[in-house]
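Position 178, counted from 1, in the sequence shown is what full-length UniProt numbering calls 178; the numbers after and before it change by one each time, with no gaps.
Yeah, the Cβ is synthetic: ideal placement off N, Cα and C, and Gly gets one too.
For reference, the structure discussed in these notes is given below.
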Amino acid sequence: MKRVAETSRLNSSARLGRRPAAPAAAAGESLQYLALGLAAGVGVSSLVAGSAASLGAYFARQVVTPARQRVPDTEILAVIESAGGGRQIVLGATPETVVPGRYGLWFAEGKAFAEIGEIVEHEPGQSHVTRQLGAVHGGDIAAAVNGTWTGTQYPGPESLRLPYEEIDVPVEGGAAPAWLIPAEPGEDTEGERITAILVHGRGATRAECLRAVPVLHSMGITCLVISYRNDGDAPAALDGRYGLGGTEWHDVDAAILQAKALGAEGIVLVGFSMGGAIALQTNDRSVNAKDIRALVLDGPVVDWVDVLAHQARVHRLPSHVSRFGLWLLTNKAGRRMTGLAAPLDLKGMDWVSRADQLRTPTLVIHSADDDFVPYGPSAALAEKNPEIVTLERFTTARHTKEYNVDPERWEKAVSTWLTRTLQARRPPAFYRR
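Pasting the structure below:
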């Protein structure tokens, strides 16, 4: 192998032989910004305020405040040419970058994207990992010093090489842009026109969902990949705060109406991380829920109290501090500190407690080692409602990276389960248009 000239270089810490400072572990875009914000904020708040109230308020605000930019979490040490003509990239080793599979790396302040392939070389304990470097979109990766690790594999729908169009979904405050990727109904849907509405996670964009499109499209399912309030594409909510699913579901409901106007006879909701929480709320609260045939949820939040308590423990917040933060999120008196227009109904978003109320067939895909949205509630939901909920358990994939680690297994699980579910729930002909 030979080094790419000049700009393909080790950064200063690598040249000097020092172990690069360990960046915060990436969580998949869905929750990494919450984690990074808490890690920084706890230290600042402890030093400056030193009180449970200020820590609890900071914790609560971080939970509902949208990230404004991607936070770099991965060092780019070198880009090198391989003897076969391809390129490889040397990255700082983190718990995320040493996991097998195919990933993405946003760089140049999130304006450019690189496709990252399998591991070429890494030994346990080493401070760096060498991986295959695929296509680079919109920037010079050899000149970059860091980036943001992601499960996103396609920066935009054009990378799928499927026909698509940009459409707008009418929502509160304006129009939410979406990608419509049409498909002709096939045997898997028994000729019925099904549209999958794909919902990304917290801190991510709709590009996160594109990896699910190929298998759905191959089944004859049209895909509507949407944006929603506060994600940087859709209009912001009036309070500029996340509702953790309690408000965002209105935008998914609007997408259902749009899909039906375009000819959809049935709807499948596909949600990643917080997108799973949003899908569950849509299914529970929408007047259009009768049109939803199935839910496919990847690393979903099915119990926010459990997730937030876990994040508090990870960042060593005392239990009374995290409890106060949760109190602020769920009570009117906390609105001044959180900025929320209305308190959150976290009990209404606890699907472990409400397991018997979930009646729409649901496939949950979740990795047992997910350290941002714990696996336990997903397993409990499936155990409590086995007739409705099917759990596909992965390992080593961490948060919402199941597809990245084993795309063949992910696609087979989705296609097999979804084909069976759609055929079983196909309405009689006289109910169809």
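Length of the line joining the Cα atoms of residue i and residue j
i, j, result
"Arg323", "Gly86", "52 angstroms"
"Glu172", "Arg354", "29 angstroms"
"Ala40", "Phe372", "For Ala40, the predicted structure reports a pLDDT of 45, less than 50, and the residue's modelled location is therefore unreliable. A value from the coordinates is still provided. Distance between the alpha carbons of Ala40 and Phe372 is about 17 angstroms."
"Asp73", "Leu326", "28 angstroms"
"Ala380", "Ala144", "43 angstroms"
"Asn236", "Ala176", "Looking at the sequence itself, residue 236 is Ala, so the reference to Asn does not match. Answer to the nearest angstrom: the Cα atoms are 10 angstroms apart."
"Arg316", "Asp369", "19 angstroms"
"Thr94", "Thr148", "12 angstroms"
"Thr419", "Phe113", "33 angstroms"
"Leu346", "Ser82", "51 angstroms"
"Leu10", "Leu77", "Here Leu10 scores only 46 on pLDDT, less than 50, and its place in the model should not be relied on; the value that follows carries that caveat. When rounded, the distance between both Cα atoms is 4 angstroms."
"residue 441", "Asp284", "Only positions 1 to 433 of the chain appear in the structure, and residue 441 is not among them; the question remains open."
"Ser415", "Arg398", "22 angstroms"
"Ala27", "Arg68", "Caution is warranted here: a pLDDT of 44 is assigned to Ala27, below 50, making its placement in the model unreliable, and no coordinate value can be reported."
"Ser45", "Gly339", "Below a pLDDT of 50, predicted positions are generally treated as unreliable, and Ser45, at 40, falls in that range; no measurement from the model is reported."
"Glu184", "Glu190", "11 angstroms"
"His320", "Ala309", "11 angstroms"
"Arg426", "Pro182", "20 angstroms"
"Ser127", "Leu91", "9 angstroms"
"Asn385", "Asp356", "6 angstroms"
"Glu166", "Glu115", "23 angstroms"
"Gly271", "Tyr58", "28 angstroms"
"Ala52", "Val301", "26 angstroms"
"Arg335", "Ala341", "7 angstroms"
"Val213", "Ser54", "43 angstroms"
"Glu265", "Glu192", "7 angstroms"
"Gly84", "Trp304", "48 angstroms"
"Val98", "Thr395", "14 angstroms"
"Val42", "Val314", "Legend: pLDDT at Val42 = 49, less than 50; position of this residue unreliable, value from coordinates given subsequently. Approximately 11 angstroms between the Cα atoms of the pair."
"Asp168", "Ala261", "13 angstroms"
"Gly50", "Gln132", "Note on Gly50: pLDDT 49, under 50, position unreliable in the model; no value is reported."
"Ser378", "Thr390", "10 angstroms"
"Pro124", "Glu75", "18 angstroms"
"His250", "Leu105", "31 angstroms"
"Tyr375", "Gly299", "8 angstroms"
Unbroken alpha helix (DSSP H) run spanning residue i, endpoints
i, result
"Arg420", "407–424"
"Phe59", "52–64"
"His366", "Run containing His366: none in the alpha helix (DSSP H); it sits in the beta strand (DSSP E), 362–367."
"Leu329", "319–330"
"Thr148", "No alpha helix (DSSP H) contains Thr148, which is instead part of the beta strand (DSSP E) from 146–150."
"Leu295", "Segment 292–298 is the beta strand (DSSP E) holding Leu295; no alpha helix (DSSP H) there."
"Leu381", "376–384"
"Leu308", "304–314"
"Arg335", "335–338"
Reference residue i; option with closest CA among the options
i, options, result
"Ala277", "Glu265, Leu262, Tyr242", "Tyr242"
"residue 435", "Thr282, Ile197, Ala236, Asp188", "Because the chain in this structure spans residues 1 to 433, residue 435 falls outside the shown range and cannot be described."
"Pro155", "Leu210, Pro185, Leu297", "Leu210"
"Ser367", "Ala212, Ala93, Arg285, Val405", "Val405"
"Tyr103", "Ser54, Arg131, Gln153, Gly92", "Gln153"
"Asp231", "Thr222, Leu262, Met274", "Met274"
"Met349", "Ser51, Asp306, Val120, Val99", "Asp306"
"Gly263", "Gln126, His320, Ile221", "Ile221"
"Arg202", "Gly339, Ile89, Thr400, Glu190", "Thr400"
"His217", "Trp249, His122, Arg161, His250", "Arg161"
"Ile80", "Gly245, Trp106, Glu121, Phe107", "Glu121"
"Tyr403", "Ala60, Leu344, Ile365", "Ile365"
"Ala178", "Thr205, Ser159, Gly186", "Thr205"
"Asp239", "Pro374, Lys260, Met337, Ala108", "Met337"
"Ala424", "Ile388, Phe394, Trp249", "Ile388"
"Ala135", "Gln88, Asp168, Thr150", "Gln88"
"Asp233", "Glu75, Ala207, Leu244", "Ala207"
"Ile119", "Thr130, Gly110, Lys111", "Thr130"
"Pro100", "Ala108, Pro163, Pro407", "Pro407"
Segment limits, beta strand (DSSP E) that includes residue i
i, result
"Asn283", "Segment 274–285 is the alpha helix (DSSP H) holding Asn283; no beta strand (DSSP E) there."
"Phe113", "112–121"
"Ile76", "74–81"
"His128", "128–137"
"Arg87", "87–92"
"Glu165", "165–171"
"Thr390", "389–394"
"Trp351", "Segment: none, Trp351 is in no beta strand (DSSP E) and carries neither H nor E."
"Gly84", "First-last for Gly84: undefined, no H or E at that position."
"Gly104", "103–107"
Three-pair Cβ contact test at 8 angstroms for the stretch 346–363 versus the stretch 288–295: The answer is yes - the stretch 288–295 touches the stretch 346–363, with three or more Cβ pairs under 8 angstroms.
For the structure I just gave you, are there three or more beta carbon pairs, one from the stretch 243–260 and one from the stretch 217–227, closer than 8 angstroms? Of all C-beta pairs linking the stretch 243–260 to the stretch 217–227, three or more are shorter than 8 angstroms, placing the two stretches in contact.
So, does the stretch 197–205 touch the stretch 132–144, judging by three or more C-beta pairs under 8 angstroms? Three or more Cβ pairs closer than 8 angstroms define a contact, and the stretch 197–205 falls short of that threshold against the stretch 132–144.
Fully enclosed by the stretch 175–211, which beta strand (DSSP E) runs are 3 residues long or longer? DSSP assignment within the stretch 175–211 yields the following whole beta strand (DSSP E) runs of 3 residues or more, N-terminal first: 194–199.
Could you tell me which uninterrupted alpha helix (DSSP H) segments, each at least 4 residues in length, are contained entirely in the stretch 200–268, listed from first to last along the chain? You should have 213–218, 249–261.
Counting pairs of Cβ atoms below 8 angstroms between the stretch 55–68 and the stretch 326–336, do you hit three or more? Touching, yes, given that three or more Cβ pairs across the two stretches are closer than 8 angstroms.
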